Structure formats: C-alpha cells, structure tokens
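Undergrad: Position one of the sequence shown corresponds to residue 2 (our numbering), numbered consecutively onward.
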Amino acid sequence: MGDGRVCCGPGHEFLILEGVNIIVAKDTPRLLIRQATPADASFMLELLNEPAWRKFIRQHDVNSAPAALDYLEERIFPAYEEGMGFWLVAEKSSQLPIGICGLVKRPYLEQVDLGFGFLELAWGKGFAREAALSVIEYADSVLQLPELWAITVAENAQSITLLEKLSFSFSKTLSNPEGEALELYSLRLRVK
Numbered sequence: 002m003g004d005g006r007v008c009c010g011p012g013h014e015f016l017i018l019e020g021v022n023i024i025v026a027k028d029t030p031r032l033l034i035r036q037a038t039p040a041d042a043s044f045m046l047e048l049l050n051e052p053a054w055r056k057f058i059r060q061h062d063v064n065s066a067p068a069a070l071d072y073l074e075e076r077i078f079p080a081y082e083e084g085m086g087f088w089l090v091a092e093k094s095s096q097l098p099i100g101i102c103g104l105v106k107r108p109y110l111e112q113v114d115l116g117f118g119f120l121e122l123a124w125g126k127g128f129a130r131e132a133a134l135s136v137i138e139y140a141d142s143v144l145q146l147p148e149l150w151a152i153t154v155a156e157n158a159q160s161i162t163l164l165e166k167l168s169f170s171f172s173k174t175l176s177n178p179e180g181e182a183l184e185l186y187s188l189r190l191r192v193k
C-alpha cells in the first residue's frame, strides 16, 4: 500500500504514502481524519479519561502525558503498519482533535472491528457518523474487506444508535477475554 496512490470512491480520497495511511474525507468538510502522532498525547490523555470512555469503553491507567504517549506507541501506532488502527479525528476548521475512529483486528473477533470514541463536547453534531462513514469507505474500497464488525456494551445506547444509522445489524452477544459481555454488530460491505 505504500505506493503513493490516491484513491477511492466518490467523495472520498485516501492518500497512501510509504505504508502510512492518511485518510481525508472530502465529502466531510468539517473533519480531518489522520494518523495520531506523538504530539497528540495530551489529547489522548483527555479522551481516555472522559467519563463516557471510562464507563463504556475501558478504564486505562493513563494519568499523565508520558503514559498517554506510551499508550499511543504500544496500542495505536503499531496497527498503522497494517493499514488499520485508530485515526485521530479533528475539526477541519480549528484542527482541534475531537475523537478517534478506525479499524482494529482484535484477537477474539473473526472480522475487523470498527471503533470510535469522541470527546463529549463533540457529541450530537454528527462527527462520529461522518468519520465512521469515511472509515467504512476505506475498509471497503482500499482494504476490500467483505464485512466489518463493531462491539459495544448493551448500556451504550448512543453507540448502538450510531451503529444502526451506519446500517450495522445486531448479530449476537459475546464475551471479550476479560469476560465482559459485548453486543456484536455486523455490516456486509460491497467490495467494488
């Protein structure tokens, strides 16, 4: 994928350089979707400590900027080498980060997982949906995945509503390696 090509579907442009995937959603004029960098550690510290993140996603022991940088280096950056990972979502007008959205291959799931998390100040504005649509287009057009999965806890009504708006369907309840019950949603992609 590191051939410097620009591709894909109508309204979406994915610039792929030297194995690094920088995603720009042209039809989402409000958002810039890009790889996180070490300079984003303070944003990750804020996001990982948002009350909703800690309640619905996971509590991490990330309580300082150095710990957030370690989190990025250990959990976020390695997936970029495979053309996946969580990309940082920023408001295009301000360049300020508001969330993350991306694709993850989890060992306990058979398909690639669509994941997202946004600062509470960005809720209710359609940012998560716009970012997710761009990532879904990337999964379909660039990675040519036949299907995407998404997981959430049953209590996370906002994530479930968003997944349903993205045309994901409930598949089943499963447990992660920690024994936590998760709702599994799936979306068949139309590889072009």
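Cβ coordinates follow ideal geometry from the N, Cα and C atoms, glycine included.
Predicted model, so just to flag it, every value in this text is computed and none were measured.
1. Name the two residues that bound the continuous alpha helix (DSSP H) containing G77.
2. Is the separation between the beta-carbon of L115 and that of L149 shorter than 7 Å?
3. CB L32 to CB A132, shorter than 7 Å?
4. G103 and F87 - do their beta-carbons sit closer together than 7 Å?
5. Let me know the beta strand (DSSP E) ranges lying completely inside the stretch 105-164, each 3 residues or longer, listed in chain order.
6. Report the partner residues of T174 according to the DSSP bridge assignment.
7. How would you label G12, buried or exposed, when you count the other beta carbons within 10 angstroms and need 16 or more for buried?
8. From what residue to what residue does the beta strand (DSSP E) around F87 run?
9. Kindly indicate the opening and closing residues of the beta strand (DSSP E) around L33.
10. Please name the residue, chosen from E138, R55, T153, V154, that lies closest to P147 on a Cα-to-Cα basis.
11. In this structure, how does DSSP classify R59 when only helix, strand and coil are distinguished?
12. Return the chain-ordered list of same chain residues with a C-beta closer than 8 Å to the C-beta of I99, the five sequence neighbours on each side being excluded.
13. Please report how far the alpha carbon of A182 lies from the alpha carbon of S94, in whole angstroms.
14. One question on the structure: do L185 and S170 come within less than 7 Å of each other, judged by their Cβ atoms?
15. Which residues mark the beginning and the end of the alpha helix (DSSP H) in which A42 is found?
16. Which same chain residues end up closer than 6 Å to L164 when comparing Cβ atoms and leaving out the 5 residues on each side of it in sequence?
TA: Answer, in terms of the structure:
1. Sequence index remark: in the sequence shown, residue 77 carries index 76 (1-based). Looking at the sequence itself, residue 77 is Ile, so the reference to Gly does not match. I77 -> no alpha helix (DSSP H), and no H or E assigned at all.
2. For the purposes of this step, residue 115 is identified with residue 114 of the sequence shown, where counting begins at 1. For the purposes of this step, residue 149 is identified with residue 148 of the sequence shown, where counting begins at 1. In contact: L115 and L149 (Cβ atoms closer than 7 Å).
3. Working through the sequence shown from its first residue, we reach residue 32 at position 31. Working through the sequence shown from its first residue, we reach residue 132 at position 131. Yes, the pair counts as a contact, with Cβ atoms nearer than the cut-off.
4. For the purposes of this step, residue 87 is taken as the residue at position 86 of the sequence shown. For the purposes of this step, residue 103 is taken as the residue at position 102 of the sequence shown. Against a cut-off of 7 Å, the Cβ pair of G103 and F87 comes out as a contact.
5. 114-119, 148-153
6. Numbered from its first residue, the sequence shown carries residue 174 at position 173. Answer is E184, bridged to T174.
7. The residue you call residue 12 lines up with position 11 of the sequence shown. Summary for G12: the model assigns pLDDT 47, below 50, so the residue's position carries little reliability, and this model does not support an answer.
8. Position 86 of the sequence shown holds residue 87. F87 -> beta strand (DSSP E) spans 86-92.
9. By 1-based counting over the sequence shown, the position of residue 33 is 32. Its beta strand (DSSP E) spans residues 32-35.
10. Position 146 of the sequence shown, counted from the first residue, corresponds to residue 147. Out of E138, R55, T153, V154, E138 has the C-alpha closest to the C-alpha of P147.
11. Along the sequence shown, one-based indexing puts residue 59 at 58. R59 falls in the coil class under three-state DSSP.
12. In the sequence shown, counting from the first residue as 1, residue 99 sits at position 98. If we look at I99 and ignore the five residues flanking it on each side, its Cβ neighbours are V90, A91, E92, F119, L120, L122, A123, F128.
13. Position 181 of the sequence shown, counting from 1, holds the residue named residue 182. Position 93 of the sequence shown, counting from 1, holds the residue named residue 94. Whole-angstrom Cα-Cα distance: 39 Å.
14. Along the sequence shown, one-based indexing puts residue 185 at 184. Along the sequence shown, one-based indexing puts residue 170 at 169. For L185 and S170, no; Cβs fall outside 7 Å.
15. The residue given as residue 42 occupies position 41 in the sequence shown. Here the alpha helix (DSSP H) through A42 covers 42-49.
16. If you number the sequence shown from 1, residue 164 lands on position 163. The residues are A151, Y186.
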